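Protein chains in written order, with the numbering used here: chain A, 2 to 344; chain B, 2 to 344; chain C, 37 to 646; chain D, 37 to 646.
Note that CB positions come from ideal geometry on N, CA and C, so glycine has one too.
Bear in mind that the values here come from a model prediction, so they are computed numbers and not experimental data.
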Amino acid sequence: MTIAADKTNRIGLTRDDYRGAHTTLCAGCGHNSITNHIVKALHDSAVEPHLLAKMSGIGCSSKATAYFVDRAHGFNGAHGRMPSLATGAKLANRELVVVGVSGDGDTASIGLGQYCHMIRRNLDITYVVEDNGVYGLTKGQLSATADLGSTLRKGRANDYPQIDICAVAIDLGASFVARSFSGDGKQLVPLLRAALAHRGTALLDVVSPCVTFNDHAGSTKSYAYVKDHDAPVNTPDFIAFQPEITVDYDPGTVQDVALHDGSHILLRKLDGDHDVRDPVAALRALHEARRSGEILTGLLYADPEIDDLCTRERLPDRPLAHLGIDALRPSREQWAALMAALV
Amino acid sequence: MTIAADKTNRIGLTRDDYRGAHTTLCAGCGHNSITNHIVKALHDSAVEPHLLAKMSGIGCSSKATAYFVDRAHGFNGAHGRMPSLATGAKLANRELVVVGVSGDGDTASIGLGQYCHMIRRNLDITYVVEDNGVYGLTKGQLSATADLGSTLRKGRANDYPQIDICAVAIDLGASFVARSFSGDGKQLVPLLRAALAHRGTALLDVVSPCVTFNDHAGSTKSYAYVKDHDAPVNTPDFIAFQPEITVDYDPGTVQDVALHDGSHILLRKLDGDHDVRDPVAALRALHEARRSGEILTGLLYADPEIDDLCTRERLPDRPLAHLGIDALRPSREQWAALMAALV
Amino acid sequence: MADGNVNDLCIQAATVNGSGSQSSNLVITKALFHMGIPVAAKNVFPSNIEGLPTWYDIRITPRGYQCRKRSVDILIGMNPATFADDAGNVRPGGAVIHEAALPRVGAAGREDVAWYPVPFARLARERIDAKPDLRKYLQNMIYVGVLAELIGLDPAAVERGVHDQFRTKPAAAELNLEAIRLGVEYAREHLVKTDPFRVEAMDGTAGRILLDGNRAAALGALMAGCTVLAWYPITPSSSLCEALIEHAQRFRVDPETGERRFAAVQAEDELAAIGMVLGATWAGARAMTATSGPGISLMAELTGLGYYAELPAVVVDVQRAGPSTGLPTRTMQGDVAFVHALSHGDTRHPVLLPGTVTEVYEDTRRAFDLADRLQTPVFVLSDLDLGMNLWMTPPLPYADEGIDRGKVLDAEALERTRDWGRYRDVDGDGIPYRTLPGTPHPRAGFLTRGSGHDENAFYSESPRAYRDTMERLRRKIDGARMLLPAPQVEEAGRPGLVVAYGTTHHAVIEARDRLGEAGAAVDYMRVRGLPLHPLVAEVIERHERVYVVEQNRDGQMEAILRQELPGTLCDRLRGVRHFNGVPIDAEAIIEPVLAGEAAARRPPARSAVA
Amino acid sequence: MADGNVNDLCIQAATVNGSGSQSSNLVITKALFHMGIPVAAKNVFPSNIEGLPTWYDIRITPRGYQCRKRSVDILIGMNPATFADDAGNVRPGGAVIHEAALPRVGAAGREDVAWYPVPFARLARERIDAKPDLRKYLQNMIYVGVLAELIGLDPAAVERGVHDQFRTKPAAAELNLEAIRLGVEYAREHLVKTDPFRVEAMDGTAGRILLDGNRAAALGALMAGCTVLAWYPITPSSSLCEALIEHAQRFRVDPETGERRFAAVQAEDELAAIGMVLGATWAGARAMTATSGPGISLMAELTGLGYYAELPAVVVDVQRAGPSTGLPTRTMQGDVAFVHALSHGDTRHPVLLPGTVTEVYEDTRRAFDLADRLQTPVFVLSDLDLGMNLWMTPPLPYADEGIDRGKVLDAEALERTRDWGRYRDVDGDGIPYRTLPGTPHPRAGFLTRGSGHDENAFYSESPRAYRDTMERLRRKIDGARMLLPAPQVEEAGRPGLVVAYGTTHHAVIEARDRLGEAGAAVDYMRVRGLPLHPLVAEVIERHERVYVVEQNRDGQMEAILRQELPGTLCDRLRGVRHFNGVPIDAEAIIEPVLAGEAAARRPPARSAVA
Ligand SMILES: Cc1ncc(C[n+]2csc(CCOP(=O)(O)OP(=O)(O)O)c2C)c(N)n1
Ligand SMILES: Cc1ncc(C[n+]2csc(CCOP(=O)(O)OP(=O)(O)O)c2C)c(N)n1
Ligand code: SF4
Ligand code: SF4
Ligand SMILES: [Mg+2]
Ligand SMILES: [Mg+2]
């Protein structure tokens, strides 16, 4: 353990308190950078480690839950099935801050059905897809997010169009959709913090190069390609809820999205007219970017008004998992009446 | 067997030659109407019965494959897994004309992943979703295509937004996306014929009221609701490939989509500016209709240029299933060389 | 009229589904019940919504047998498609009430039964003033009246039955009563009774209720404090989930805030359903799902995750017939072996085998305790017969005991524990201690995973850690033998023993009585859970011939017995198997057992010489 | 130096994965092979891409044993994380070549082994002119040179090994050879050999090739005329699919048009993969998938569909360790029971159990014939050890026979058949005749379904139709007993019998020799398929003690045997089980068998008195 040179956050924890086991991923893997950004965001947002639930599927990316916040509970589940595990966990204990880490194979291939239905339910989760366009852990097969025509290291070109998980999410009525790049902490950390503050499914599709299997020329998920084709639509700034602070900005250049917990995400518009409240505009931008080979990053769409799963299910504030048996059984009288009515 | 009063089609068959077993669905079920429209379309398009492959999942809708074209082969598979069965069948024998019939539960719940990946691969199939917003066969639970707020017969309101399988399909790069209504044969039959002529996945989301579980006030998939809220974007006319015929039309009001086999689908525009070649426009229209409670029908989007699965896989014209073993084994010489190279 | 024909008959209504006949049949069932006459009802229905043949058997026996009877005494023949076949099943001397318009061809031309033609359609058309679709339903209600008149149903009991059935719709009740009166009247005026069957009020249903197993299981879950239900509709388990939702809605909603102390999610499929259950139990709730065959197959992978990562889960499998889609509305005991070792690799899951409504209530309730105690998925194996038919049963008892949440360490307990390891076998029972997410203690957190791990829940590929974990898991599940219900044994030192489980029980009860009357009495043991209780082998040991009766083709329980019994005992096992989708009846047991017992009594040498 | 140390040793390279050591190990393996020395290589690698411990065992025995050896003669210790443990496994008198910088603490301080420290890192840094990441790889190549010098590898053979390994990259070959020379040089100058191990060229590999089972299986599929592969990547089966694609690319592409006589689809998951396979075989192609444990679980539902709708399919299960994700890169025989009865309801699937590279080639090839003949899914059970390790094997024979497509009626045959019914048992073997979609005949069409159906493929809920179909299916799969390979039996009238299957074979071979030397010779039977061949019971009948050796915890084959054997034979079975993820070795068998045989020889009474 290194001694924390870090300053402490609102709940008195240092950055080191948010670290996890040593990574066993490849040196240079984008996933490792994302881990670091997650650590920073969790620390900055002062998430209580014991309330954090780290969920993942199977893949190099999914292993990453082991590499941050040792103290928290985590569940490295089964391939493609993390959304259902996370759904159950949140239903059982809505106090948990659920952070999911998945891969593009995990989410867009085997897990696509669960992914879509999680979005439909608007499960309150920060859902990070570490998107490298390949199956890292099984040694470099193409994934469904690989772009049409992009090539594998061994030269095979992809004959199938990519599944754009951001576009699909917007179409399914997602409440928070962003894309970013593992190498861009300045953009990713505020997005992560906003996602944590958002009540609902916050999708972060983070392009995360696989240095071992998909970082060569011909790949559209390589460090070089992303750096060259990154087209940010906005620069996000995250303002945590602090009642006394007011922020001054020019509404012409900044869009302010107020989140449920009183936080704000301020978006400095780069692409003149990108309105994060307009789903069709976001879809248009994504379609156009796809055509031009650009990777649109930033907060693409947000609607903090949509009820999340637990709200829809009208769950009490007290976690279901904490209810005693007396609160759950019908009374003796109710039971007797029930039995009496059964002919 | 009734005696065919029908006239014969190009290959000398009457409408009766395209009929199947007697339906066991409820009287008045929208699915039965669709069956009739399918019979008409297959007859009109003179599909060879023995080349037809009728594929389905499980549900009232999926049973419908038994109720048309007795002579054809069919596969009433497993719940939600029809796309994979159809994919295998087409790979094995690309001469087959594959018609899939599914339900909204079958496609949008358990089968959503396979559905999306079928679209991504652009499997050459006419994929009909008989969409009633409920699970008919299991007695009336809400499905994922039920609109937010629509109510079940027993009064429970739907807390979750619908999955718009047309929008999702367009976002996944589908090559042919249409919506229609079981009661509107004039619109549906030409769409079916165009879908049969189209080489690629042709999605037909056909609203098909369930008279037993979802045809009451409060439902947005009832006969009454659909009749009141049907908003056709175009009136399709199908012109089968006949070299000598030329069609006259005013390009301002009609959009002509030429299909791979030389057929044309002529779309009389109703909604002034709906361009079926523009995916973003289609998405916009769908989003707007959803907001206003309208049901957009007609051909929403088409791109006949996209390669279908068998083309992408560069399969020979001769079906793989018909290749003899000699065409498949390496020669003795090749084998010997292969063995010699293995140290 | 022989007295044996009083309160001893089987009535079968052969109708078309979606025609409202279900209400008519329930009215008859409930009227009999209100007359104090024990009834057993079996609904044999098709896998569609409207227009296919359906049969409803109402069996009345003075001894209260609850199993199916093979032959029919009174047929109510309403379905043209099956009329001839149905008439063929009526026993000689029986009776047939039928739509007069049906052609009397084939077996429907038999002369050894009494025929009561009734022009139901015409009566409905001419005498009932209602909209056409309603009239279609009411037409079937007429046969209730005809039957009532013929066998002597008490009009007051019939009226109560109608009111039970249309509790919330008084107008409908009135219309239906009218239709019934029409039937009574017609029978009185036009039919001459020539059959011997009748019923008389008795005192055989006091202290009983009518209840289906699915609702009972739902009540068990409610009573156990289940707070998360994740499910996907599938016959015949849907009604279990729907009943649980209904009762949670009734008992778990805060009247002021509308808040629900219960979450029920209709998942997108069964993979998601079991995933949600595991996520919920991981986070500390009691959670369950219910499904049937195809759903079980889809839950295979995640059940293995639950086993290896050691998470509680309750899965009720309401079994139906067949591999694949099979016969979704028919019954079977076909998942026993599959469920017991569900998932790839070495796995083994505790299985509860209820045979009655009370048991499926208790077993479902206790499954939550077992799952929490053992930290593993637990299966409750019901079937369509138990789950979807109405059974006479004593009212379900209120649960007096508390619940067992098993070895969970909260922050305080953790503070007292110096050296906690998630997967350490501290107590020698193979069961480790767990903490729940959200526990406010810096040492509470760990990573749950389905990949290799050591005692401290760290990732590990160590051969030793892997083997040790697998050995411990074996010990843990082995320990369940003593936690599961012991077999129910009825022994009187006879050399023959019937072994059965689940709903096969009811046919065994009748078979045993009749075997006894035939001079071939046998002992009986009903297995109540897997892995097997030690008593099972002991009881088998005391018998020479052991008939393992089950409702599947492959003798799945027999195979499980063979895995555990010494060879000498294996050789005593004889499989008796019934697998056509309809519930097993006594004959299916009596015949092979009688043959087996007779062969054993016959001195072998003598017969060879003679 | 004792002669016993010539060509009789086990070399273990303990490295970090992703560091290029795999190439070094393959060069050593191939160099030995080129010297004519029989080798057996076992790669024990982690489930990640870079940075975790990995071991590569190269075993050389004059007798050509191909199983793992428990102790290590020469360790090449390169991994700081495991160095002490690795050193502990070296047998007394063994040798350790190691990175000089590694601390000699714990077992790494032993004095009973020879230590050969080499400053690999420094040598690479100072003496190799390459980019840093390449240098990391080359550093491991140095140990090839050190080892070569110490044990006497023929430089020409090493060079051939390098060229084999870098066939397409001559520049890389040169760089690697340079690194090797560096190692040779260093050893010559700085190390004094004090261990006894050395190798000498011999004639033990003539007519053999080195091949992994996955590639062999792929070649079997190619030879069988498989045209559709649907797969989802999963270790350890991915390389099978990739090999099949590679060879199809080589032999099935029309050089002119680029057309492929083969379709390979990477499915979205295993449910889709098996679905595509069933769709393809339904439409008349030969189709397969390959997967491992979790994938098998996900294929459960559709396998049942294949069984009940009677569709061919070939599924190769390359087994790995554990329930759930388990140990993805370790070996096991843990799916035998699950696969044999995969899916809910009553099901049973033929299973082939190859133990060698040749067998996995032949079995995969024949699985297509079997699947077509029986119209049912057929499983080939390989494992990681067989699939992913290199084995010495004779070249795979070209298939001389044609293929058996089973009972398929084309239009002509249909025309001759008056009264065809898809599911009719015409020949009494339970196997019906099928037609394929696209058959130009008006009577060819029918609807395939997983729901109840009668002989004519019509939808049916008839109890009789259901039962008859299930009975026929049982007969059909029962008939497979005679179609599957017979057990391989080596009998010499001894009272003890070892029963094994799959790769356990190789450890049995060594164990038998050594048991014989210890005066406890046993007979041997290797089961080659399920359902069991009748010979299996016959052979067991002739033995008093039967050791069922398998690589799983629950004795899955033993349980299958118990289901079929008479009780007296069941009592002769004794389970010998190994399940830690590394391939079984001879010791694991010798110990229990020796104990069992010794106990049997000891006269019980005498010892009690003495
Ligand atoms: C059911 C199942 N099928 C296949 C696998 C094998 N598998 C492990 S990880 C993985 C894909 C990983 O790709 P991705 O999700 O993109 O993660 P990455 O490694 O690229 O970060 C696969 C197919 C599995 N574990 N389970
Ligand atoms: C794996 C599996 N789960 C559940 C079922 C039960 N089931 C049969 S049909 C159906 C839903 C049918 O709904 P839909 O697809 O909308 O068809 P509809 O009946 O409405 O036409 C379900 C859940 C099943 N057959 N298989
Ligand atoms: S293989 Fe790729 S994704 Fe996996 S750890 Fe290495 S670089 Fe990252
Ligand atoms: S239940 Fe609904 S969907 Fe099913 S057949 Fe009847 S009307 Fe159609
Ligand atoms: Mg990836
Ligand atoms: Mg539906």
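Proximity winner among the options, relative to residue i (alpha-carbon distances)
i                      : options                    : result
residue 298 of chain A : A:236, A:114, A:257, A:113 : A:236
residue 416 of chain C : C:289, C:402, C:127, C:441 : C:402
residue 223 of chain B : B:168, B:109, B:199, B:31  : B:31
residue 106 of chain C : C:633, C:92, C:282         : C:92
residue 187 of chain C : C:43, C:196, C:141, C:431  : C:43
residue 332 of chain C : C:269, C:247, C:459        : C:269
Residue-level contact to chain A via CB, residue i, 7 Å cutoff
i                    : result
residue 1 of chain B : For chain B, the structure presents residues 2 to 344; residue 1 of chain B sits outside this window and is missing.
Distance cut-off 6 Å: residue i Cβ against heavy atoms of ligand 2
i                      : result
residue 305 of chain D : no
residue 270 of chain C : yes
Three-state class that DSSP yields for residue i in the structure shown
i                      : result
residue 65 of chain D  : helix
residue 262 of chain D : coil
residue 119 of chain C : helix
residue 418 of chain D : strand
residue 355 of chain D : strand
residue 236 of chain A : strand
residue 12 of chain A  : coil
Residue i beta carbon near ligand 1 (any heavy atom closer than 6 Å)
i                      : result
residue 136 of chain A : yes
Any C-beta of chain D under 7 Å from that of residue i
i                      : result
residue 136 of chain A : yes
residue 43 of chain C  : no
residue 330 of chain B : yes
residue 27 of chain A  : yes
Near ligand 5: residue i beta-carbon under 6 Å from a heavy atom
i                      : result
residue 181 of chain A : no
residue 351 of chain A : Outside the shown range of chain A (2 to 344) lies residue 351 of chain A, about which nothing can therefore be said.
residue 274 of chain D : no
Chain B within 7 Å of residue i, Cβ atoms only
i                     : result
residue 86 of chain C : yes
Practice problem: Please determine if the segment 64-78 of chain D and the segment 240-247 of chain D are in contact, where contact requires at least 3 C-beta pairs separated by less than 8 Å. | Solution: As far as the Cβ criterion goes, the segment 64-78 of chain D touches the segment 240-247 of chain D, which means the pair count is three or higher.
Quiz prompt | Touching by the beta-carbon criterion (3+ pairs, under 8 Å), the segment 94-101 of chain B and the segment 85-99 of chain A | solution = no
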